[in-house]
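Read through the structure below, which is laid out as structure tokens, and then see the notes.
Residue numbers (the numbering used here), protein chains in the order written: chain A, 16 to 521; chain B, 17 to 410.
Here you go:
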């Protein structure tokens, strides 16, 4: 007998008009960390949904063998019963419940009809020890960072005697230190016999933890690479993912920043009354015409808050300091005014506050600049469709039509719609907050090329990103943000990963 | 090919056509069970006048629910403002043409007051408007306490709820009782509809956009023309178009235009679809809340005027449960509680469905107890149909 805990054979899953999975075979050995990589839309998530029973038996063809048994999962409950747990990118915790209740939610420690709270808290503490998280089990989940919440999800899975743990992009929202801790935890779990499937876009971390890597592309298994045999390199993975070689993912620097300063911020402090503290403290920075300025820093360091406070302050911070746009001092108290002043902000959370998922592509593209499509308040619907189609073509947005709901598009294409919406505003300063989070290599490259083109045309870009290689690969100058302060400014020639991390963690 | 096209269009737009089909089926059932009395010109004319004030409220409520709020105060606000208009007419002796705009202005102010805690302090609109409901109920009792029911002798005002538009002189040898102006207006409406559709199609073709195949387009025009023609002939056979119908049509036309053709309409639906994204897109969400609640208040005033005029009096209990009828009409018409989805026309159809049920069951002599149960079941069925067809569309 072979040593597989899971074998998926010839899985084919069709949606109306699309073959999402085409005869996929996938084998995971007991006690290994198996990474699943591929571009967005390659079929990773669909494959995991087939495995976990989200798509029930009968809605796909092919066989699933788990622990040597053919399985017919009719729902998530069935796959959980045999010991499969999935942790999605969007965490499934109840924010207003304490940690211990969350860990045993749906799996309560019963005493007859009642819940045994003492036993629950005792076992929850044991689980927290297991994942190396030092928090009081009575803490509300709302009060924990995303990284810690992720660990609670893992503790929740472990409390159910999980045999196969599946993590979908677990580090997408984590900073480097939290990511490292998480990967270390996965190695520890492997040593305790938990098998793990990790879906990730971050090839560095795949390199760091994977025993095996399976690459999916266009709904098919391309290759399975074995790290122990030395088959694993980033270049090989990228080649299989995109089906072509990408030598340099960042476009060559073809622009030179001008001397004219388009945006300047002095003594800038933002106080959040809800948190009762300053989220931005005494910040100074400037942005030149035709320049890409990178803002590096850890998650929660205040970069997004800084961007919001400049972009018309939608969160209602109490602001102090001076904001100068194109040589004029401005007080922008509404995003509406910021847009009029020539500033655009592409949100880090495209599903949360970036796009209107239930509306279609054209409505999302036009929403921030409807006045250009209207005469005396009345819209020209045909002109709107025309504009949307122009962006669909020029930005290579993959959608059957501009009347498709944005919620039905893949992450990379949603991000392009989000960008198109703000380009249609024709801003002088474009703030990009995590523009490539959770999107695939091909779409990333397209966005980088677009940024390069825009600065050549004289636009200025503020690039906020947690991916250091991206900040270093694209920016002309880098500001490092730490704990709400600008901890340092580095010209690109002096900016190295080590130097930035040093400033960010000080 | 023709049938395939037709099938495709029906399948794609089943949600939109569903309501019309439901209304048609309900009407057909009642026509059969009442031996045709339900579809008699007299009853249909009556039905439209009864639907009027709920339809007006449902239009405003559609926008309120679209921006993820609710307004429970509209019923008693309508009752209270109806009483105020009666007082203005009877005790102050003001003429109708002053009373109507004054009362509608008061309605706007009432709506803005409801919106104030919702927009400025983020108080849930359920609570804010529940408070409004209690307050307006109290105010209604207060102003009618001394007099009890206020009888309105002003026939101009009462015509808003009972009267019909005047007729042309009968110079043609058609039936004595046929209302000529109604027929003429029906004809004009058909011509305008056909011309605007042809114009729209031409524009779309100029931009190279997809349009309906010619045969389906003609079928659609013929169907709508028959519908308008049929309704005007039925109305012409009774007393013609009522003033209530004129008011409802104007309200629907204005709101249909605002929601589908204007920047304001798009902003309202954006706020409903994702308030945070709307705010970050430069939309003033607070302003939208004020606009939508202000419009709701204005329409509540109008509904109060229609109802008071129809009864020719203001009573101490006017407006009871109107808000729930309006909310039910909006949901039957396909408005989504999750926000961002819902059409003005749908809510009008929803109101017609609700009132058809009442009217039809009354004619059949079904007891009021059963009527409530049936209306509840229809509401649930409509929402289930809406939710299931929506998920299938993905």
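Note that beta-carbon positions come from the ideal geometry of N, C-alpha and C, so glycine has one too.
Alpha carbon of residue i to alpha carbon of residue j, nearest angstrom
i                     : j                     : result
residue 371 (chain A) : residue 283 (chain B) : 12 Å
residue 410 (chain B) : residue 422 (chain A) : Caution is warranted here: a pLDDT of 39 is assigned to residue 410 (chain B), below 50, making its placement in the model unreliable, and the coordinate value is therefore given only provisionally. Those two C-alpha atoms are separated by around 9 Å.
residue 133 (chain B) : residue 304 (chain B) : 14 Å
residue 228 (chain B) : residue 484 (chain A) : 51 Å
residue 42 (chain A)  : residue 517 (chain A) : 41 Å
residue 60 (chain A)  : residue 388 (chain A) : 38 Å
residue 261 (chain A) : residue 460 (chain A) : Per-residue confidence for residue 261 (chain A) stands at a pLDDT of 47, beneath the threshold of 50, marking its modelled position as unreliable; the derived number appears in the next sentence. About 9 Å.
residue 93 (chain B)  : residue 80 (chain B)  : 16 Å
residue 227 (chain A) : residue 78 (chain B)  : 55 Å
residue 367 (chain A) : residue 110 (chain A) : 16 Å
residue 341 (chain B) : residue 18 (chain B)  : 40 Å
residue 26 (chain A)  : residue 74 (chain A)  : 11 Å
residue 124 (chain B) : residue 298 (chain A) : 45 Å
Status (buried if at least 16 other CB within 10 Å, exposed otherwise) for residue i
i                     : result
residue 430 (chain A) : buried
residue 133 (chain A) : exposed
residue 346 (chain A) : exposed
residue 318 (chain A) : buried
residue 113 (chain B) : exposed
residue 122 (chain A) : exposed
residue 152 (chain B) : buried
residue 377 (chain A) : buried
residue 16 (chain A)  : Interpretation of residue 16 (chain A) is limited by its pLDDT of 47, a score under 50 that renders its predicted location unreliable; no figure is taken from the coordinates.
residue 492 (chain A) : buried
residue 333 (chain A) : exposed
Residue i - DSSP class collapsed to helix/strand/coil
i                     : result
residue 501 (chain A) : strand
residue 39 (chain A)  : strand
residue 171 (chain B) : helix
residue 198 (chain A) : helix
residue 420 (chain A) : strand
residue 128 (chain A) : coil
residue 141 (chain B) : helix
residue 255 (chain A) : helix
residue 124 (chain B) : helix
residue 320 (chain B) : helix
residue 459 (chain A) : helix
residue 52 (chain A)  : strand
residue 34 (chain B)  : helix
residue 69 (chain A)  : coil
residue 332 (chain B) : coil
Bounding residues of the alpha helix (DSSP H) (the contiguous stretch that carries residue i)
i                     : result
residue 351 (chain A) : 350 to 355
residue 171 (chain A) : 161 to 173
residue 140 (chain A) : 132 to 145
residue 217 (chain B) : 196 to 222
residue 93 (chain A)  : 91 to 96
residue 399 (chain A) : 396 to 409
residue 222 (chain A) : 218 to 224
Endpoints, the beta strand (DSSP E) within which residue i is located
i                     : result
residue 303 (chain A) : 292 to 303
residue 235 (chain A) : 235 to 241
residue 78 (chain A)  : 76 to 81
residue 285 (chain A) : 276 to 287
residue 444 (chain A) : 444 to 448
residue 65 (chain B)  : Where residue 65 (chain B) is concerned, there is no enclosing beta strand (DSSP E), although the alpha helix (DSSP H) it sits in stretches over 57 to 82.
residue 360 (chain A) : 358 to 361
residue 177 (chain A) : Run containing residue 177 (chain A): none; DSSP gives neither H nor E here.
TODO: With 7 Å as the C-beta to C-beta threshold (strictly closer), list the residues of the stretch 380 to 409 of chain A near chain B in chain order.
DONE: If the cut-off is 7 Å between Cβ atoms, the stretch 380 to 409 of chain A has 382, 383, 385, 386, 389, 392, 393, 394, 397, 400 and 401 near chain B.
TODO: Using a Cβ-Cβ cut-off of less than 7 Å, give me the residues of the stretch 339 to 368 of chain A that come near chain B, in sequence order.
DONE: Residues of the stretch 339 to 368 of chain A with a Cβ closer than 7 Å to any Cβ of chain B, in chain order: 349, 350, 351, 354, 360, 362, 367 and 368.
TODO: Mind checking the stretch 86 to 98 of chain B against chain A and listing, in chain order, the residues whose C-beta falls within less than 7 Å of any C-beta there?
DONE: Those residues of the stretch 86 to 98 of chain B that come within reach of chain A (Cβ to Cβ, closer than 7 Å) do not exist; the list is empty.
Open item on the list: Please identify, using Cβ separations under 9 Å, the residues of the stretch 132 to 156 of chain A that lie next to chain B, in order along the chain.
Closed with: Answer set for the stretch 132 to 156 of chain A: empty.
- [ ] Pull out every residue of the stretch 317 to 340 of chain A whose Cβ sits closer than 9 Å to any Cβ of chain B, in chain order.
- [x] The residues in question are 323, 326, 327 and 329.
TODO: Pull out every residue of the stretch 457 to 482 of chain A whose Cβ sits closer than 8 Å to any Cβ of chain E, in chain order.
DONE: Here the protein chains are A and B, and chain E is not one of them.
- [ ] Could you run through the stretch 422 to 436 of chain A and flag, in chain order, every residue whose CB is less than 9 Å away from some CB of chain B?
- [x] Listed by position along the chain: 422, 423 and 436.
TODO: Could you name the residues of the stretch 292 to 325 of chain B whose beta carbon sits closer than 8 Å to any beta carbon of chain A, in the order they occur along the chain?
DONE: When C-beta distances to chain A are compared with 8 Å, the residues of the stretch 292 to 325 of chain B below that value are 292, 293, 294, 295, 296, 297, 298, 299 and 300, in chain order.
Open item on the list: Please list, in chain order, the residues of the stretch 262 to 278 of chain B that have any C-beta partner in chain A closer than 7 Å.
Closed with: So the close ones are 277 and 278.
TODO: Check each residue of the stretch 22 to 41 of chain B: if its Cβ is closer than 8 Å to any Cβ of chain A, include it; give the result in chain order.
DONE: Hits within the stretch: zero.
TODO: Note down, in chain order, all residues in the stretch 238 to 264 of chain A with a beta-carbon under 8 Å from any beta-carbon belonging to chain B.
DONE: Going along the stretch 238 to 264 of chain A in chain order, one finds no residue with a Cβ nearer than 8 Å to chain B.
TODO: Check distances from the C-beta atoms of the stretch 219 to 232 of chain B to those of chain A and list, in chain order, the residues that come in under 9 Å.
DONE: Hits within the stretch, in order: 219, 220, 222, 223, 225 and 226.
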